[in-house]
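Since the structure comes first, as structure tokens, the remarks are kept for the end.
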Amino acid sequence: MKIYDSLIVGAGPAGSTLAGQLAKNSFSVLVLEGNKSLKRKVCGEYLCPLGVKLLKDKGLASVLDPFIKVLGMKIYSPKGIEVDATFPETDTFCEKGVSLNRSIFDNSLVDYAKDQGAEILFDSLVKDFSFNGTFWEVHDYKGNTYRARLLIGADGVRSKVAKKLNLTLKSETKRVAIHCWKRGEFNFERKGEMHLFTGGSYIGVDPITNSEVNLSLVCDASLIKEFKTPRDILNSYIQKSVSLRKSVGGLNENEEVFTISPITHRVKQAITHQAALVGDAAGFVDPLTGEGIFNAIWMSMKLSECLVKERNSLFDFKESLESYEKIRVDFFREKTNLNRFFQWLIHWNFLLNLVALFLRRKKSRADSFVGIIGNIYKPLTGLLKILR
Numbered sequence: 001m002k003i004y005d006s007l008i009v010g011a012g013p014a015g016s017t018l019a020g021q022l023a024k025n026s027f028s029v030l031v032l033e034g035n036k037s038l039k040r041k042v043c044g045e046y047l048c049p050l051g052v053k054l055l056k057d058k059g060l061a062s063v064l065d066p067f068i069k070v071l072g073m074k075i076y077s078p079k080g081i082e083v084d085a086t087f088p089e090t091d092t093f094c095e096k097g098v099s100l101n102r103s104i105f106d107n108s109l110v111d112y113a114k115d116q117g118a119e120i121l122f123d124s125l126v127k128d129f130s131f132n133g134t135f136w137e138v139h140d141y142k143g144n145t146y147r148a149r150l151l152i153g154a155d156g157v158r159s160k161v162a163k164k165l166n167l168t169l170k171s172e173t174k175r176v177a178i179h180c181w182k183r184g185e186f187n188f189e190r191k192g193e194m195h196l197f198t199g200g201s202y203i204g205v206d207p208i209t210n211s212e213v214n215l216s217l218v219c220d221a222s223l224i225k226e227f228k229t230p231r232d233i234l235n236s237y238i239q240k241s242v243s244l245r246k247s248v249g250g251l252n253e254n255e256e257v258f259t260i261s262p263i264t265h266r267v268k269q270a271i272t273h274q275a276a277l278v279g280d281a282a283g284f285v286d287p288l289t290g291e292g293i294f295n296a297i298w299m300s301m302k303l304s305e306c307l308v309k310e311r312n313s314l315f316d317f318k319e320s321l322e323s324y325e326k327i328r329v330d331f332f333r334e335k336t337n338l339n340r341f342f343q344w345l346i347h348w349n350f351l352l353n354l355v356a357l358f359l360r361r362k363k364s365r366a367d368s369f370v371g372i373i374g375n376i377y378k379p380l381t382g383l384l385k386i387l388r
């Protein structure tokens, strides 16, 4: 009877990154993925500069080779005021972001994890699991049973692991994301775009290549009742923006549109006895700052560092998990508070337009602002730079 050091549910960026890092350090790792293969996931497909640096620092630069850099961001207020910003560089930091194709990126991380010695099983949807006092017993829908000392939930915003462990909190959000990959010939700069609209809705634009752009609209779910189709909603917002009308045009009937809900996932905490959560499973808020992939990579790397540091305690992960939780909460505290402020701010057109005018008056202000979004600066440090 094989007992793995860790069993990870989910082979997305969080699960595969963690599996690779642990296996690299001689942990026996099993990953169970419910899907038969990793297809391209509906996502903003943006990785911030700090996320790029994290991968490079861990020897994973090659997984980024197929992708094009994102040099900064353009932000448009409801009145159409443009803030054109470039990710700032410092004496110790000169990375830019990247536009990803999630199918290529995710499968590259799976290959990395396998190369390090992790076992990854696809078409292995978890049905149930329990802790017997010494190790976890995890059952899939095919009748297989797997055993591990540590259980990791990396299974996304609808995390079955988080729910089963009673870590999930009720989410009050009534917002949805409407997404499309639009193909054609585009002339975007190598910058992401954020278009803000009345009522707190917004469209994120990520130019994946010169012939494909990633469009994601976040809006109130009630709009679905007002329009015939999600495509009509997305087209309606595109037409409200002079810039988007010019750069994107509209969506035709042949372009597939996806609707995603919920887009928020909250947890009490990301650890419990002999178990932990990483990535979206550990909590995800309205994706205004586009950090889902970064969060997944950062959490996975920090958890692996904590586990490796206490590797002599494979039968009791208490200290490792508590260290991970403290580091996670401390790291995200400022950004979480800032995100809540942004969520409040985007519902006030007058203030948004004033902020846009303030930022665009000085290039360094705008660059410092996207420096916060790109995790180049901590929020407080970035805000002080903006106010200079």
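Residue numbers for the sequence shown, in UniProt numbering: 1 to 388.
Backbone N, C-alpha and C define an ideal beta-carbon position, used for all residues, glycine too.
Here the structure is a predicted model, which is why all the values come from computation and not from measurement.
{"Asked": "Could you say which of 213, 120, 285 lies nearest to residue 337 if we only look at CA atoms?", "Found": "285"}
{"Asked": "To the nearest angstrom, how far is the alpha carbon of residue 117 from that of residue 17?", "Found": "12 Å"}
{"Asked": "Have a look at residue 86 and residue 386 and give me their C-alpha separation to the nearest angstrom.", "Found": "14 Å"}
{"Asked": "Tell whether a beta-carbon distance below 7 Å holds between residue 23 and residue 296.", "Found": "no"}
{"Asked": "With residue 388 as the anchor, note down where its beta strand (DSSP E) starts and where it stops.", "Found": "Segment: none, residue 388 is in no beta strand (DSSP E) and carries neither H nor E."}
{"Asked": "In whole angstroms, what is the alpha-carbon distance linking residue 105 and residue 210?", "Found": "18 Å"}
{"Asked": "Can you give the beta carbon distance from residue 138 to residue 146, rounded, assuming they're within the 8 Å contact cut?", "Found": "5 Å"}
{"Asked": "What are the residues that DSSP puts in a beta bridge with residue 85?", "Found": "73"}
{"Asked": "Which residue or residues does DSSP assign as beta-bridge partners of residue 270?", "Found": "BP columns for residue 270 are empty, so no partner."}
{"Asked": "What does the alpha-carbon distance come out to for the pair residue 162 and residue 26?", "Found": "26 Å"}
{"Asked": "For residue 99, which residues of its own chain have a beta-carbon under 7 Å away from its beta-carbon, when the five flanking residues on both sides are left out?", "Found": "45, 46, 67, 68, 70, 206, 207, 208"}
{"Asked": "If I'm right that residue 267 touches residue 283 with Cβ under 8 Å, what's the distance once you round it to whole angstroms?", "Found": "5 Å"}
{"Asked": "Between residue 129 and residue 164, which are expected to be in contact by the criterion C-beta below 8 Å, what is the C-beta distance as a whole number of angstroms?", "Found": "7 Å"}
{"Asked": "Tell whether a beta-carbon distance below 7 Å holds between residue 63 and residue 108.", "Found": "yes"}
{"Asked": "Quick check on residue 135: buried or exposed, where buried means 16 or more other Cβ atoms within 10 Å of its Cβ?", "Found": "buried"}
{"Asked": "Whole-angstrom Cβ separation of residue 374 and residue 48, contact assumed at under 8 Å?", "Found": "4 Å"}
{"Asked": "Could you round the C-beta distance between residue 34 and residue 150 to whole angstroms and report it? I think they count as a contact, below 8 Å.", "Found": "That pair is no contact at about 20 Å."}
{"Asked": "For residue 318, does the count of other Cβ atoms within 10 angstroms reach 16, so buried, or fall short, so exposed?", "Found": "exposed"}
{"Asked": "Just tell me which of 174, 378, 144 has its CA closest to the CA of residue 262.", "Found": "174"}
{"Asked": "Going by alpha carbons, who is nearest to residue 354 out of 275, 81, 58?", "Found": "81"}
{"Asked": "Quick check on DSSP: helix, strand or coil for residue 247?", "Found": "helix"}
{"Asked": "Which one of 202, 221, 141 has the shortest CA to CA distance from residue 76?", "Found": "202"}
{"Asked": "In terms of residue numbering, what span does the beta strand (DSSP E) encompassing residue 218 cover?", "Found": "212–220"}
{"Asked": "Does the Cβ of residue 21 have 16 or more other Cβ atoms within 10 Å, making it buried, or fewer, making it exposed?", "Found": "buried"}
{"Asked": "In whole angstroms, what separates the C-alpha of residue 369 from that of residue 237?", "Found": "25 Å"}
{"Asked": "Looking at the unbroken alpha helix (DSSP H) that takes in residue 109, where does it start and where does it end?", "Found": "102–115"}
{"Asked": "Could you give the first and the last residue of the continuous beta strand (DSSP E) run that contains residue 207?", "Found": "202–209"}
{"Asked": "So what's residue 64 in DSSP terms, helix, strand or just coil?", "Found": "helix"}
{"Asked": "Could you say which of 294, 380, 278, 31 lies nearest to residue 111 if we only look at CA atoms?", "Found": "31"}
{"Asked": "Per DSSP, what kind of secondary structure is residue 341 in: helix, strand or coil?", "Found": "helix"}
{"Asked": "Under 7 Å, do residue 29 and residue 19 count as touching if we go by C-beta distance?", "Found": "yes"}
{"Asked": "Please work out which residues of its chain come closer than 8 Å, Cβ to Cβ, to residue 306, disregarding the five sequence neighbours upstream and downstream, and give them in chain order.", "Found": "320, 321, 323, 324, 327"}
{"Asked": "Using three-state DSSP, classify residue 143 as helix, strand or coil.", "Found": "coil"}
{"Asked": "Can you name the residues that DSSP bridges to residue 181?", "Found": "214"}
{"Asked": "Who are residue 315's beta bridge partners in DSSP?", "Found": "Partner(s): none; residue 315 has no beta bridge."}
{"Asked": "Using the Cβ count rule (16 or more neighbours within 10 Å means buried), how would you classify residue 231?", "Found": "buried"}
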